[in-house]
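Student: Sequence lines, in order, name chains A and B. Counting with our numbering, you get residues 1 to 126 for the letters of the first sequence. Counting with our numbering, you get residues 127 to 259 for the letters of the second sequence. For every residue, glycine included, the Cβ atom is placed at its ideal position computed from N, Cα and C. Since this is a predicted model, take the numbers as computed values, not measurements. Below you will find the structure I want to go over with you.
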Amino acid sequence: MSEIKVDNLTGKTTANDITVTVGATATASLEQGLAKVWSRFNGTAATTTDSFNQASFVDAGTGIYQINMSNPYTGNVGAHTTCSGAYHAINRSTGTATQIELGTYNSSHSSVDESRCSIISHGDLA
Amino acid sequence: MAGKIIADTLEHSTAGSIATNYVVNGSAKAWGHFTMSSTTARDSFNISSLTDDKTGIFTADYVSNMSSVNYSPSTGGTHRDAVSENGWVLAVQHAGSGADDMTTGELSLSAHNASSALVDTVQATFQIFGDLA
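Put into structure tokens, the structure is as follows:
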């Protein structure tokens with residue numbers, strides 16, 4: 001077993017380009033494959049259970065939530081996917097480089113607060 | 127090639143350590159964000175092309191294929207107030223519907239509105255996890 005103790009990994013040729021062997025011969029970009037934001041939150045209590053790269057959480061209305069990022073995207077183009085105990089959990093806006101807005105809805109497609117919500121997002125950080 | 131490190135564990139001074147198999151298996155192998163009426167992604171990773179199969183259905187082809195069809199996609203549509211192109215559900219397209227559903231080289235997704243009709247949603251997103259070939 002080998003172990004590397006390090007606080008930072010930086011590409012030698014390009015700072016944010018490190019290749020990882022992910023199959024017998026297949027390789028992939030380490031930076032592109034990493035989730036840049038994730039959060040598990042209670043939309044009813046407006047509290048976050050655990051998160052990554054989340055600076056703040058905002059209850060923006062019934063069934064509407066905003067996650068403000070610590071480190072922003074290069075543009076408003078993160079690929080977000082969501083899950084919740086509601087009938088739908090879905091992106092609500094075009095977003096911004098620093099904020100993801102999502103909503104939860106009941107079976108009539110009306111906004112409703114939901115206690116069990118999560119989101120994960122991939123993209124390019126600035 | 128700048129260099130190569132072979133290791134089983136990465137350890138940070140304060141944040142803890144992670145076995146590198148979590149890096150390999152836990153990394154998304156493809157992701158994308160796009161408007162379904164366009165075949166140009168706003169941003170993506172490991173996507174070679176997008177095909178607009180018909181209203182509400184598109185196919186994303188991978189640069190590097192998956193090792194089997196047993197990989198795990200997750201999806202996200204969008205809802206905006208006062209916007210008609212809302213995709214309440216973005217789902218893996220079912221087989222036999224005119225587009226391949228999931229193969230090692232591509233993924234077909236469909237978006238449905240509140241009436242369950244196919245719709246080109248303005249903001250479709252997805253990620254896939256699994257093993258590359």
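Please check if any C-beta of chain E sits within less than 9 Å of the C-beta of A133/B.
Tutor: Within the model displayed, chain E is absent; protein chains A and B are what it includes.
Student: Quick one: complete beta strand (DSSP E) runs, 3+ long, within the stretch 127 to 192 of chain B?
Tutor: Segments of the beta strand (DSSP E) lying fully in the stretch 127 to 192 of chain B: 135 to 138, 142 to 145, 156 to 160, 169 to 171, 173 to 180 and 183 to 188.
Student: Does D134/B pass the burial test, meaning 16 or more other C-beta atoms within 10 Å, or should it be called exposed?
Tutor: So D134/B ends up on the exposed side.
Student: How would you call K36/A, buried or exposed, if buried means at least 16 neighbouring beta carbons within 10 angstroms?
Tutor: Flag for K36/A reads buried.
Student: Counting only beta-carbon separations shorter than 9 Å, does S51/A have a partner in chain B?
Tutor: No, no contact with chain B.
Student: Within a Cβ cutoff of 6 Å, which residues of the same chain sit near T82/A, ignoring the five residues on either side of it in sequence?
Tutor: These residues qualify, in order along the chain: A89, L102 and I119.
Student: Since I believe G95/A is in contact with N68/A (beta carbons under 8 Å), could you give me their beta-carbon distance rounded to a whole number of angstroms?
Tutor: So it is not a contact: roughly 11 Å between Cβ atoms.
Student: Where do the ends of the beta strand (DSSP E) carrying E232/B lie?
Tutor: Note, E232/B: beta strand (DSSP E), E232 to H238.
Student: For the beta strand (DSSP E) that contains G33/A, what are its first and last residues?
Tutor: Looking at the DSSP string, G33/A is not in any beta strand (DSSP E); the run it does join, the alpha helix (DSSP H), is L30 to G33.
Student: On the criterion of 16 or more Cβ atoms from any shown chain inside 10 Å, does M1/A qualify as buried, or is it exposed?
Tutor: It is exposed - the Cβ of M1/A has fewer than 16 other Cβ atoms within 10 Å.
Student: Judging by CA-CA distance, which residue of D179/B, L244/B, S241/B and Y148/B is the nearest neighbour of L233/B?
Tutor: Checking every option, the nearest Cα to that of L233/B belongs to D179/B.
Student: Counting Cβ pairs, one atom from each stretch, are 3 or more of them under 8 Å apart for the stretch 250 to 259 of chain B and the stretch 14 to 27 of chain A?
Tutor: A contact exists between the stretch 250 to 259 of chain B and the stretch 14 to 27 of chain A.
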